[in-house]
Amino acid sequence: MKHAAKWFALAMVMILLLAGCSSGGGQQQTPADQPGGGVAAGTVSDTLTYGVGVDARTMDPQMVDNVPTANAVMHVHETLVTWDKNMDIVGRLAESWETSPDGKTWTFKLREGIKFHDGADFNAEAVKKSFERILDPDLGSPRRSILSMITDMEIVDPYTIALTTEEPFGPFLSQLATYNAAILSPKAIDEYGKDYATHPAGTGPYVLKDWLPGEKMVFERFEDYWGEKPPTKTIVFKVIPENTTRVMALQTGEVDIISNVPPFQIEQLEKAPNLQVDLIPGFRTIYLGMNFKNKPFDDVRVRQALNHAIDRQAIIDNILLGTAEIAIGPEATSIPGASKDLPTYDYDPEKAKQLLAEAGYPNGLEIKFHAPFGRYNMDKQVAEAIQAQLAQVGIKADLQTLDWSIYSDMLKKGEETQLFMVGKGSPAGDLDFTAQICWVTGGSLNYSFMSDPEIDALVAEQRRTVDQEKRLEVLQKMQEKIQEQLPWASLYYEKQIVAKNKSVSGEFIWPNEFVDLRYAKKQ
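Heads up, the sequence shown is in our numbering, so the first residue is 80 and it goes up one at a time.
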């Protein structure tokens, strides 16, 4: 592998080529059936250190709105249901459940004998209190919508609760599996209220023992955990924002596992006999969004032209070095229900020029192009490559890269944006997550400001369709309509790049980007 500086210098020269680059990687560990894990024979280290790029923002599950924070929260808290290694829903705090004939009432039988970290009992009252809290508008949860369809909660007995929704809701279990639906200690809720994050108390296998913001989080094993005891006593999340520094920390043994490895450093890591690199397919789509409110992207022909102007494979081969899959639609095909049969917009610069001419831009046009810097793997370099490709068809893109905190506020307002690059994952592993926030009129992440009554109706229909086969049909129609409207130029499905010391085993990296270290160990 060439040195980083030389590689970066060559990136723009290489981008118009289609020479493939491959990268290897071992197979990641798979979890046992829930709760899974346990201690294998041999000596297990007391401490496992995970090098992270950003710190958690909160330890209140109901206030989480990003994956890095969720990774910390979910080692302390648990949900009624979760996913197995195939992303199928299984019980966690709930033993079983059943649905009423009309599809509106879900009755959950809860596990008995479970204690929160502060000694409070886990029971139906605790579930009700947690859900009432996230639904309280005064809390201001950014994910209140995941449970907003609940209209009634009935405690049938101390360990049975019935949840009734306004209408049948197909993805209800997937929403209950997300970190925002974690169950909090009722005692901690009463004692700390909105300050719960400073005294988190869940039912999970680890307790937060120390937190130095911007430096590290320390989790210690909860010895009274109801499930199988984790093998590692202490897990440390060590914050190392700079990618190269984080890689060096793995090489020197300062940390045991890292994520978001830059593609150009994979080969270097693979040469180390004690290290392993895993490439894990995920649910995230990196895309170019186009603002319908602002010209020229109010014209679908311009949106089509931009799609044809992008050489996605060249970007994957020469910048991402094969660590992504070309996007054939807005949803990563690894997400259940994502269509693999949609109209595609292949790289065709002549077609792009023709469409621009038809739209009234025979001599090209100038646009504003915004992108984040440091939020996604190689995001700045990808944006620069796209800028060069657009120039080939007569689109002069004025590129501005911004820090994510500033950039995300700009996207929400939409006053300054025309073309923008962003990524979209799926914490729930269900298309409803994107549908309700990206596609509907007024959705919280509808940065394109698309408003289409037919799409709105299809989103509503898929939500109330409980029969999964019928729901898949509705989802297919929804995706076809979105591909017709083209609010995005979907670029690629990002793979997660995780590197670790080979002495580490038992970790599991979910497709929704959760890093589960519950049963990880270093021997």
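Ideal Cβ positions, reconstructed from N, Cα and C, are used throughout, including at glycine.
Note to self: Less than 9 Å between the beta carbons of Ser381 and Leu255, yes or no?
What the structure shows: Inspection of the sequence shows that residue 381 is occupied by Val rather than by Ser. No.
Next item on the list: Could you pull out every unbroken beta strand (DSSP E) segment of at least 3 residues lying fully inside the segment 439-524, listed in chain order?
Entry: 444-451, 474-481 and 498-503
Check: DSSP three-state call for Thr544: helix, strand or coil?
Finding: coil
Item checked: Option in Phe528, Thr520 and Ser527 with minimal Cα separation from Leu537 -> Thr520
Next item on the list: Whole angstroms is fine: what's the gap from Ile474's alpha carbon to Lys208's?
Entry: 54 Å
Note to self: Check this for me: beta carbons of Asp482 and Pro451, under 9 Å apart or not?
What the structure shows: yes
Notebook entry, point to check: Given Ser582, which residues of its chain have a CB within under 6 Å of its CB, disregarding the five upstream and five downstream residues?
Noted result: Lys601 and Gln602
Notebook entry, point to check: How would you write the range of the beta strand (DSSP E) that Phe298 sits in, first residue to last?
Noted result: Lys295 to Arg300
Margin query: Just to confirm, is the Cβ distance from Gly368 to Ser527 under 9 Å?
Written below: yes
Notebook entry, point to check: Helix, strand or coil: which one does DSSP assign to Pro379?
Noted result: Contrary to the premise, residue 379 reads as Val rather than Pro in this sequence. The answer is helix: DSSP assigns Val379 an H, G or I state.
Next item on the list: Compute the distance between the beta-carbons of Asp139 and Val131, then report whether it is under 9 Å.
Entry: No.
Check: Taking the alpha-carbon positions, what's the Glu257 to Glu463 distance?
Finding: One detail in the question is off: residue 257 reads as Thr in this sequence, not Glu. Straight across, the Cα-Cα distance linking Thr257 with Glu463 is about 35 Å.
Margin query: Is the beta carbon of Tyr572 closer than 9 Å to that of Ile405?
Written below: yes
Next item on the list: Could you tell me how far apart the beta carbons of Phe371 and Met529 are, in whole angstroms, since I believe they sit closer than 8 Å?
Entry: 5 Å
Next item on the list: Grab me the residues of Asn322's own chain with a C-beta within less than 6 Å of its C-beta, minus the 5 sequence neighbours each way, in chain order.
Entry: Pro341
Item checked: Residue closest to Arg550, alpha-carbon to alpha-carbon, out of Gln541, Met557, Lys556 and Gln558 -> Gln541
Next item on the list: With Glu321 as the anchor, note down where its alpha helix (DSSP H) starts and where it stops.
Entry: Neither: Glu321 is in no alpha helix (DSSP H) and is coded neither H nor E.
Check: Expressed to the nearest angstrom, what Euclidean distance is found between the alpha-carbon atoms of Leu172 and Ala149?
Finding: 18 Å
Next item on the list: Taking 9 Å as the cut-off, decide whether the C-beta atoms of Thr26 and Glu233 are in contact.
Entry: Since the first residue shown for the chain is 80 and the last is 602, residue 26 is missing from the structure and cannot be characterised.
Checklist line | Opposing strand residues paired with Met369 [DSSP bridges] | finding: Leu498
Checklist line | Unbroken beta strand (DSSP E) run spanning Tyr285, endpoints | finding: Start and end: Tyr285 to Leu291.
Next item on the list: Measure from the alpha carbon of Ala417 to the alpha carbon of each residue in Val297, Gln392 and Gln562, then state which is nearest.
Entry: It is Gln562 whose Cα lies nearest to the Cα of Ala417.
Next item on the list: Compare the beta carbon distance of Ile193 and Asn259 with 9 Å and say whether it is the shorter of the two.
Entry: no
Notebook entry, point to check: Under three-state DSSP, which class holds Ser253?
Noted result: helix
Next item on the list: Have a look at Ile389 and Glu349 and give me their C-alpha separation to the nearest angstrom.
Entry: The alpha-carbon of Ile389 is positioned some 31 Å away from that of Glu349.
Next item on the list: Would you identify the three-state DSSP class for Asn353, choosing helix, strand or coil?
Entry: coil
Item checked: Completely contained alpha helix (DSSP H) runs for the segment 124-181, where each covers 4 or more residues -> DSSP runs (the alpha helix (DSSP H)) wholly in the segment 124-181: 146-152.
Next item on the list: Could you tell me the distance, in whole angstroms, from the CA atom of Ile588 to the CA atom of Arg222?
Entry: 23 Å
Checklist line | Where the beta strand (DSSP E) through Ile234 begins and ends | finding: It spans Ile229 to Asp236 - the beta strand (DSSP E) in which Ile234 sits, taken as one unbroken run.
Notebook entry, point to check: Is Pro360 helix, strand or coil by DSSP?
Noted result: strand
Item checked: Cα-Cα separation between Thr186 and Asp531, rounded to whole angstroms -> 36 Å
Item checked: Residues near Met177 by beta carbon distance below 7 Å, same chain, minus five either side -> Note on identity: in this sequence residue 177 is Glu, with Met being the wrong assignment. The residues Thr186, in chain order, have a CB closer than 7 Å to that of Glu177 in the same chain once the five nearest residues on each side in sequence are set aside.
Item checked: Pair within 9 Å by beta-carbon distance, Gly293 and Arg543 -> no
Margin query: If you reduce the DSSP assignment to three classes, tell me which class Gln575 lands in.
Written below: strand
Notebook entry, point to check: What does a CB cutoff of less than 7 Å around Glu174 pick up in its chain, not counting 5 residues either side in sequence?
Noted result: Hits under 7 Å: Lys188, Leu189 and Arg190.
Check: If you drop the 5 nearest sequence neighbours on each side, which residues of the same chain put their C-beta closer than 6 Å to that of Gln555?
Finding: Ser418
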